[in-house]
Structures are given as structure tokens and as C-alpha cells.
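Per the numbering used here, residue 326 is the first one in the sequence shown, and the count goes up by one each step.
No residue lacks a Cβ here, since even glycine has one placed at the ideal position from N, Cα and C.
Since the model is a prediction, treat every value here as computed from it, not as a measurement.
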Amino acid sequence: MPLQRDQDIHASAPLRQLRNGQWRSMAPLLQRETGRRALRIGVDDDDAVPPLPGVTWTRLWLEQGGYRGDLRGSAEEPLPFIAEAFDLVWLQHALEPAPQVAGLLGEVCRVLAPGGVLAVTAVHPLGGWSPWFFWKARGQGQSLQWPWHLCHRLRREGLAIEDVRRLGPPWPAHGRPASGDSRWGGAYLLLARKQRHLVTPVKLRPLPARAPVNAHLSPGTRRHSVS
Numbered sequence: 326m327p328l329q330r331d332q333d334i335h336a337s338a339p340l341r342q343l344r345n346g347q348w349r350s351m352a353p354l355l356q357r358e359t360g361r362r363a364l365r366i367g368v369d370d371d372d373a374v375p376p377l378p379g380v381t382w383t384r385l386w387l388e389q390g391g392y393r394g395d396l397r398g399s400a401e402e403p404l405p406f407i408a409e410a411f412d413l414v415w416l417q418h419a420l421e422p423a424p425q426v427a428g429l430l431g432e433v434c435r436v437l438a439p440g441g442v443l444a445v446t447a448v449h450p451l452g453g454w455s456p457w458f459f460w461k462a463r464g465q466g467q468s469l470q471w472p473w474h475l476c477h478r479l480r481r482e483g484l485a486i487e488d489v490r491r492l493g494p495p496w497p498a499h500g501r502p503a504s505g506d507s508r509w510g511g512a513y514l515l516l517a518r519k520q521r522h523l524v525t526p527v528k529l530r531p532l533p534a535r536a537p538v539n540a541h542l543s544p545g546t547r548r549h550s551v552s
């Protein structure tokens, strides 16, 4: 039976407040990026994206096992984009309801262009939010991913980890305005960059030079033919 919106943990006030401040924390870290094509896969259509100059966002969110937003599709199928289509990909809490976490990570790495940045924000499994999250999300098929585990997977996909930090307040804010980022924040931000393909130059071996006919004769020496 599909979840009603008021039953979905991602529609709860604490998680909405946690997500609302994330783009403000991310924007200064992404200002120097020169890419123009960005993809955000989230959990709600109302969540904001960083207002980066010149960046065009494609927005998707996970809902009832499928993608909604600018495109529609099944979450168990490959993303409907060509390889290396985006310069920036943001998974905003999308790993929590994803039916196949490894598959989604593999797909976002595929559609990320070399030199592009992958940003992952999610609830941290270690902190004041995780007990509340698991209690609130019981029966909803949600999971939390350890940042170090994601780093290991992304390195295997050819990405270099650039930053891992905590975001948000340390505890869920029930009906109160959420405070800023804390070193024990309930969420985390992981930034990773896809390595460019390095082309190894082919080292050509020089051909052996042919010695001239008189290579071993002193200058001015005449050659006499043998009769």
C-alpha cells in the first residue's frame, strides 16, 4: 500500500528543515565549478537547489520506487541519460529510499562527466538523528549509509574524495527553527570528483639509422674498386 504523504519520513518537518539548509552549505564549495549541466536526485519536489550562476538543473526525486520530476522512470532501471551527461550530480537523501544503493551509485558515476563533482547528502548513521530516523521510518524500506563505505565504493568507481563534513543540527528540531551546521550535525556532505581519463602517450622507438657507405673511412680517403 503506497505511503500517504504525512506517513513518509522525508515529508516530516525535521527532515524538511534538515534538507532546506543544505544548499546554503554547499553553494560556497561549488562556486568555482565551471560545469553547466547539473542533476539533482532528491526525495521531494519542493527542495531547493544551489543557485549557481549559469547552471541548468535537471530535477528528479524518488517516490514509491520510481523517479518523478523532469522525467519519469523506475528506480530499478538505469538512469535515462547518456554517459557523462552532467558536470554536477547531487544525491540529496536519495540513497535512503533507493531500492538498489549500489546500482544508483554506479549510475550517477556513469552519467557524471570526467572532472565533474558528485555531492551526496544523507542522515549520518552515527549521531542524534539515527535513532529517531529508524523509529520514524520503520516499515518504509529506508537505510542509512556510512560515509566511509561510500568513499570506498566511489574510489572503486574512479572518483577522488575531496571533502566529507557534517551538516545541520545534532538533534531533530521538532517544531523549532533548525540551527546551523554543527560538528555533530545529523547529516553529512560528501564531495567526490570523477577522475579524467589519462591517455598514456605511445613512446615510439626510433628506427636504427643506416650507416653511409664510407662510414668507417677517414675524410679524403678514396675508395678503390677491386678488379
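Cα-Cα separation between Lys461 and His335, rounded to whole angstroms: Between Lys461 and His335, the C-alpha separation is close to 10 Å.
Euclidean distance between Cα positions of Pro497 and Glu388: Rounded to the nearest whole angstrom, the C-alpha separation of Pro497 and Glu388 is 23 Å.
Inter-residue Cα distance where the pair is Gly398 and Phe406: Whole-angstrom Cα-Cα distance: 11 Å.
Simplified DSSP state of Phe411, which is helix, strand or coil: Under the three-state reduction of DSSP output, Phe411 falls in the strand class.
Length-filtered (3 minimum) beta strand (DSSP E) runs lying within the region 421-451: As far as the region 421-451 is concerned, its whole beta strand (DSSP E) runs of at least 3 residues are 437-448.
Nearest neighbour of Gln425, chosen from Pro403, Asp412, Arg357 and Val414 [CA to CA]: In terms of Cα proximity to Gln425, the closest of Pro403, Asp412, Arg357 and Val414 is Pro403.
Counted within 10 angstroms of its Cβ, other Cβ atoms place Leu437 as buried (16 or more) or exposed: Classification of Leu437: buried, given that the 10 Å Cβ count is 16 or more.
For Arg330, three-class secondary structure by DSSP: Bear in mind that a pLDDT of 48 at Arg330, under 50, signals an unreliable position, so the model cannot answer this.
Where the alpha helix (DSSP H) containing Ala338 begins and where it ends: Counting along the chain, the alpha helix (DSSP H) containing Ala338 begins and ends at Ala338 to Asn345.
Buried versus exposed, by CB contacts within 10 Å (16 or more), Glu421: Taking every protein chain shown into account, the CB of Glu421 has 16 or more other CB atoms within 10 angstroms, so this residue is buried.
Contact under 8 Å by Cβ, Gly453 with Leu343: No. Outside cutoff.
Ser455, DSSP secondary structure in three states: The answer is helix: DSSP assigns Ser455 an H, G or I state.
Cα-Cα separation, Trp386 to Leu354: Taking the straight line joining both Cα atoms gives about 23 Å.
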